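Numbering (our numbering), first residue to last: 1187 to 1960.
Quick reminder that beta carbons are idealized off the backbone N, C-alpha and C, glycines included.
Keep in mind the model is a prediction, meaning the values are calculated, not measured.
Have a look at the structure below, then the notes.
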């Protein structure tokens, strides 16, 4: 029995529970909620059947998230109501985010006017208010006319999972406030946390004005990161210090620790107080209160809730005078987080936080107490850099090489100088506004000094390592290698750890064979971006749309996809024409990846970003790795607008071919037909997204594709692809595929026909995703 007790100790139980949770998160669809009746059975097994305890803890870990996920996903917004005006009452549940054109906010529903939605409709919305929005304050109650859609995001390999983010925030519909209809303020925001946070945000903005550090200070004090520029995010990412702006484990832990040590030092100076409450317990109570106050100031976001729970576990152990090993405290905190928030494993921050703590504990394991503080701190930073490397590559396909040096200075400087100054300044704005303003300016100056060094590090050409996501076996080998490499001195075979890390850099994703081409139509919404890859070359056809000042398809979709595929440079960029839905991501792409040259019917739109630019013209031909490329349109430079689009044919060695047509319309199609060239292709990207101004019946018959692809946005305002266009393609036996329904779509061009389509929404489907309309 002693063996069983050791086997099923807290660490073993926690790991089994975590494994069950991870298995649940891989499900493509939710199991019946009735399965939750197995929870009490599994709990009984843990007490009565020692041999089955691993299975019991695994089962509990698997079913516990179902209790949370099922009620959220049961709140469905019917697709039939897309495009209809709806009236809803509710409260603004977040600080409104402004990006110039709109204000965006979470909206907690109190009442639906629609009877169907009143019974089973979404309880939380994500709304945008365009054109002359009134002053919006968190906590206000509004009656609004809105248009909504179910949650839907882009689905691309290596891309950001927007639907997962909405699910984590319990958002079950997104949309916008209508200019026509009801827009009535029913009740002003009552005094409360969100109103206080918004007032504090505005006060900091007034004090710091146009200071470059103003947005960073607001992020550190109240978690409001909307004023942090894309350039600042780039510096933070390249130096591995972007965690400094996320009020989570690091900041809350530092504030809690600082409060703990200060309170304990002060408490021992009060002899009578020590008689009633030991100084460590008093310090733990102060640390927990400080952590809770900082989490409240950040709006009790999911990362701050997780961090606060971790601090609570540690401080409770101190107050209860429990002398437990650090590994047991760590496992107890992990289990507490999984019980409190069983969906936490969907967050990158969960893995980074617990992995960081684990490697910090491992770095300090069995070390000499005589080591200096700076030596120990340097060892911690080295351990984090090595230990988190596999995780950073699997999550983000990038890792900062200067992070150990940057964090060696940045973490203590921000944690013990900038944050205390900023928080003290914010706290004094009510009672001593002059002093508070001085402290906030001091925090800005302290941060500016650090920022100068971070910019210098970010400018180094080797500051960041980008790499495709490693396969599972390489990831497992790298984790084991990191553990061996960071083992205490004297452990034999530590050098083997460095060998086990090598697959991270040496293993590359699969690539086409000679004579093959892999064609991927990316899901960029209402726009176009496609990648054609041969054995040693890569071509990008169009760059997708721009959605806002800091958000475009190049940064959000194309670059992450190229990194995921291990493509480090583009041999050719084809910009079919100058419309924003085709060139919106250009600047982001050329800033992240080298591009050898470009062809475009609108070369002026490219010249400001690239020097090697030429007009695309019919007759241009080249061969890469046995694959033929031919530009078959435009014939001259007279055409303009959509009809000036470049049209490219790609033919694999076996004869399988694809035709990329940009936005050509009826006039250009007639020109191609009159030229009498070869138009037939197995794979066709539909002209102009399936508009009725294109895809004439004569053109459709001439191409006679086996598959026709429609790069469109989900429920786009144009109604693309038009039903009559789809009917024309169906008449020639073509199978129509839409990126809105299927996400990114890949074909492998080989032999005489392309392989079957590989829709990413089907391949990567999880239970929180909208259905794959296959």
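- In this structure, residue 1813 sits away from residue 1782, with a CB-CB distance that is not shorter than 8 Å.
- Apart from sequence neighbours up to five positions away, the residues of its chain that approach residue 1207 with a beta-carbon distance below 8 Å are 1247, 1248, 1250, 1251, 1524, 1528, 1531, ordered along the chain.
- Counting every other CB atom within 10 Å of its CB across the protein chains shown gives residue 1868 a total of 16 or more, marking it as buried.
- The Cβ neighbour count for residue 1468, taken over all protein chains shown within 10 Å, is at least 16; the residue is labelled buried.
- 1345 is the residue among 1550, 1256, 1345, 1874 whose C-alpha sits nearest the C-alpha of residue 1740.
- With a threshold of 16 other beta carbon atoms within 10 Å, residue 1237 falls short and is exposed.
- The shortest CA-to-CA distance from residue 1216 to any of 1260, 1232, 1229 is the one to 1260.
- The beta strand (DSSP E) runs lying completely inside the region 1624 to 1668 and spanning 3 residues or more are 1650 to 1652, given in chain order.
- Taking all protein chains in view, the Cβ of residue 1507 is surrounded by fewer than 16 other Cβ atoms within 10 Å, so the residue is classified as exposed.
- Boundaries for residue 1585: no alpha helix (DSSP H) harbours it, while the beta strand (DSSP E) harbouring it runs 1584 to 1586, taken from the DSSP string.
- Here residue 1426 is not near residue 1413, since their CB atoms are 8 Å or more apart.
- Going by C-alpha positions, residue 1946 is about 21 Å away from residue 1771.
- Restricting attention to beta strand (DSSP E) runs no shorter than 3 residues, the region 1867 to 1932 encloses them at 1869 to 1871, 1893 to 1896, 1921 to 1924, ordered along the chain.
- Cβ atoms of residue 1291 and residue 1359 stay farther apart than 8 Å, at about 14 Å.
- The Cβ-Cβ distance between residue 1590 and residue 1690 does not fall below 8 Å.
- Of 1315, 1809, 1789, 1742, the smallest CA-CA separation from residue 1778 is found for 1742.
- With respect to residue 1587, residue 1537 sits apart: the two C-beta atoms are not nearer than 8 Å.
- Counting along the chain, no beta strand (DSSP E) covers residue 1232; the unbroken alpha helix (DSSP H) around it starts and ends at 1224 to 1234.
- Within the region 1662 to 1733, the complete beta strand (DSSP E) runs of at least 3 residues fall at 1703 to 1707, 1716 to 1719, 1724 to 1727.
- Taking C-beta separations shorter than 6 Å and ignoring five residues to either side along the sequence, the partners of residue 1268 in its chain run 1335, 1901, following chain order.
- Residues 1275, 1276, 1277, 1327 of the same chain have their beta carbon placed closer than 8 Å to that of residue 1296, with the five preceding and five following residues left out of the count.
- One Cα belongs to residue 1897, the other to residue 1224, and the distance between them is close to 45 Å.
- Every beta strand (DSSP E) stretch that sits fully inside the region 1367 to 1422 and reaches 3 residues is listed by chain position as 1369 to 1373.
- Assignment of beta-bridge partners to residue 1291 by DSSP yields 1313.
- Pairing residue 1681 with residue 1656, the inter-Cα distance amounts to about 21 Å.
- When the alpha-carbon of residue 1630 is set against those of 1720, 1862, 1390, the nearest one is in 1390.
- Taking residue 1202 as the centre and dropping the five residues before and after it, the same chain places the C-beta of 1240, 1243, 1244 closer than 6 Å to its C-beta, in chain order.
- The alpha carbon of residue 1446 has as its nearest neighbour, out of 1421, 1831, 1472, the alpha carbon of 1472.
- About 3 Å separates the Cβ atoms of residue 1380 and residue 1324, confirming a contact at the 8 Å cut-off.
- Taking one beta carbon from each stretch, the region 1920 to 1938 and the region 1695 to 1712 have 3 or more pairs nearer than 8 Å; the two touch.
- The Cβ-Cβ distance between residue 1828 and residue 1849 falls below 8 Å.
- For residue 1808, the enclosing beta strand (DSSP E) starts and ends at 1807 to 1810.
- Per DSSP, residue 1502 is one residue of the alpha helix (DSSP H) stretching across 1488 to 1505.
- Rounded to whole angstroms, the gap between the alpha carbons of residue 1512 and residue 1636 is 33 Å.
- Taking C-alpha positions only, residue 1675 is separated from residue 1688 by approximately 21 Å.
- Inter-residue distance for residue 1221 and residue 1568 is about 45 Å (C-alpha atoms, whole angstroms).
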